[in-house]
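Q: Numbering (this note's numbering), first residue to last: -6 to 283.
1) Here's the rule: buried if 16 or more other CB atoms are within 10 angstroms of the residue's CB, otherwise exposed. What is residue 207?
2) Starting from residue 218, follow the beta strand (DSSP E) in both directions and report where the run begins and ends.
3) For residue 6, which three-state DSSP category applies?
4) Using the Cβ count rule (16 or more neighbours within 10 Å means buried), how would you classify residue 231?
5) Any chance the CB of residue 138 is under 7 Å from a heavy atom of the ligand COA?
6) Anyone know if the C-beta pair for residue 198 and residue 184 falls short of 8 Å?
7) Could you give the residue range of the beta strand (DSSP E) that holds residue 44?
8) Can you pull the DSSP bridge partners for residue 67?
9) Give me, in chain order, the residues of the same chain whose beta-carbon lies closer than 6 Å to that of residue 85; leave out the 5 immediate sequence neighbours on both sides.
10) Considering residue 250, what are the terminal residues of the beta strand (DSSP E) in which it resides?
11) Within 10 angstroms of its Cβ, does residue -5 collect 16 or more other Cβ (buried), or is it exposed?
12) On the three-state DSSP scale, how would you describe residue 28?
13) Near residue 344, which residues of its chain fall below 7 Å by C-beta distance, leaving aside the five closest residues on each side in sequence?
14) In angstroms, rounded to a whole number, what distance separates the CA positions of residue 220 and residue 260?
15) Span of the alpha helix (DSSP H) holding residue 287?
16) Name the DSSP beta bridge partners of residue 265, please?
17) Thinking just about the alpha-carbon of each residue, which of 51, 262 and 75 is nearest to the one in residue 58?
18) Need the endpoints of the alpha helix (DSSP H) that residue 119 sits in, please.
19) For residue -5, which of helix, strand or coil comes out of DSSP?
20) Excluding the 5 residues preceding and the 5 following residue 138 in the sequence, name in chain order all residues of the same chain whose CB lies nearer than 7 Å to its CB.
21) Is it the case that the segment 232 to 248 contacts the segment 127 to 147, given that we only count it when at least three CB pairs across the two stretches are under 8 Å?
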C-alpha cells in the first residue's frame, strides 16, 4: 500500500490533516485555500484527522435528519454524523466522529478533485466549532488601527463586500475577510478568524484578531451608527450564523455561545451610503462606544 499523501489545512484555529493514497488535485484551483495550507514546521493546534478513501460512496447508512436541497444532506447515528453530497460532483459521503473524519469517494482512473473543500470543510468545521464555543457567521472582518476587530454581519446583498472595499480605500482599518468569518470564545474573550470562503471581492488572508464589536449592515440614505441592545443583536445574528439545525445538541451550544457573545460585546446597526464617510462613521462610532 502506498504511503498516504498528507496536507494540513488550518481554518478557524482548527488544523485538518488530510491523508489520501489518491493523486489529489490541489484543494482549490481558485487560490483561496493557499494561505490556509500549512508547511512543515508551521505551528498548529487542535489537529483533526481527515482520511480520504477511494472505496465508493455508501448508501443511506444512517437516518437522514436534514436536507439542504441540491448540495448536501445530514444523517445522524449513535456516535457520529454523516454529510452526503447531493446533486453534485464529485460525489462524497463523510462520517464525522470525535476521533476524525472519513471521506468516501467513488473510484477514479486519474487525479480527482479534493473533496474536503466547500461545502464539506465548512460543514465539518461548523460541526466541530459548535462544541468548542464557536460558529461561522456571514460577515466581513476588519481590524482598526488600534488592533480592535469587528465583524460586519449581513445576508447576501447587505453590503459586506461594498463596505470591505470602502474600508480598503479609506485605509483606516484592514480587512481580513469579506463574506464568512469564524468567531470563537476563548477564556471569556472572543476572537475572529478569516476563512477560505470569500465573497465577490475574493479577500482571504488566514489571519485572526481579538473581536471587540458586532456591526450589522444596512444600506441606506445616510451614514448612521446605532447601538443595539443584546436582545436586538441576538435577533440580528440568527439569520447570519450557520447554526447546525440538524443536531439539537450542537445547535443549542451555538445558541448559548451567541447569547454570551451579545451580552459581552457592544453591538451596532450601521446604515450607510456608498462613500468613504461611511467608514469614518463606522470607525469613530465603534471606537467611542466600546
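Idealized CB from N, CA, C, for every residue including glycine. This structure is a prediction, so every number in the text was calculated from the model and none was measured.
A: Answer, in terms of the structure:
1) Here residue 207 refers to the residue found at position 214 of the chain shown. That one is buried.
2) As a position in the chain shown, residue 218 is number 225, starting the count at 1. Note, residue 218: beta strand (DSSP E), 217 to 221.
3) The count along the chain shown starts at 1 and reaches residue 6 at position 13. If DSSP states are grouped into helix, strand and coil, residue 6 belongs with coil.
4) The sequence position of residue 231 within the chain shown is 238, counting from 1. Under this definition residue 231 is an exposed residue.
5) Only the bare structure without any ligand can be found here, which leaves the ligand COA out of the picture.
6) On the chain shown, position 205 is the one that residue 198 refers to. On the chain shown, position 191 is the one that residue 184 refers to. No. Outside cutoff.
7) For the purposes of this step, residue 44 is taken as the residue at position 51 of the chain shown. Unbroken beta strand (DSSP E) run through residue 44: 40 to 46.
8) Along the chain shown, one-based indexing puts residue 67 at 74. BP columns for residue 67 point to 59 and 76.
9) As a working mapping, residue 85 is identified with position 92 in the chain shown. These residues qualify, in order along the chain: 78, 96, 98 and 108.
10) Within the chain shown, the letter at position 257 stands for residue 250. That residue, residue 250, is in no beta strand (DSSP E); its alpha helix (DSSP H) goes 241 to 257.
11) Reading the chain shown from its first residue, position 2 is the one you call residue -5. At residue -5, the pLDDT of 48 sits below 50, so the modelled position is not reliable; the number obtained from the coordinates is stated separately. Exposed, because fewer than 16 other Cβ atoms sit within 10 Å of the Cβ of residue -5.
12) Here residue 28 corresponds to residue number 35 of the chain shown, with the count starting at 1. Residue state, collapsed to three classes: helix.
13) Lying before the first or after the last residue shown, residue 344 is absent from the chain, which here runs from -6 to 283.
14) On the chain shown, residue 220 is found 227 positions in, with the first residue counted as 1. On the chain shown, residue 260 is found 267 positions in, with the first residue counted as 1. Their Cα atoms are separated by approximately 6 Å.
15) Residue 287 is absent from the structure shown; the chain starts at -6 and stops at 283.
16) Along the chain shown, one-based indexing puts residue 265 at 272. Its beta-bridge partners are 212.
17) Sequence index remark: in the chain shown, residue 58 carries index 65 (1-based). Ranking 51, 262 and 75 by Cα distance to residue 58 puts 75 first.
18) Along the chain shown, one-based indexing puts residue 119 at 126. From DSSP, the alpha helix (DSSP H) with residue 119 extends over 113 to 123.
19) Here residue -5 corresponds to residue number 2 of the chain shown, with the count starting at 1. In this prediction, residue -5 has a pLDDT of 48, which is less than 50 and means its spatial position is unreliable; nothing more can be read from the coordinates.
20) In the chain shown, residue 138 corresponds to position 145, counting from 1. Contacts found: 165 and 166.
21) yes
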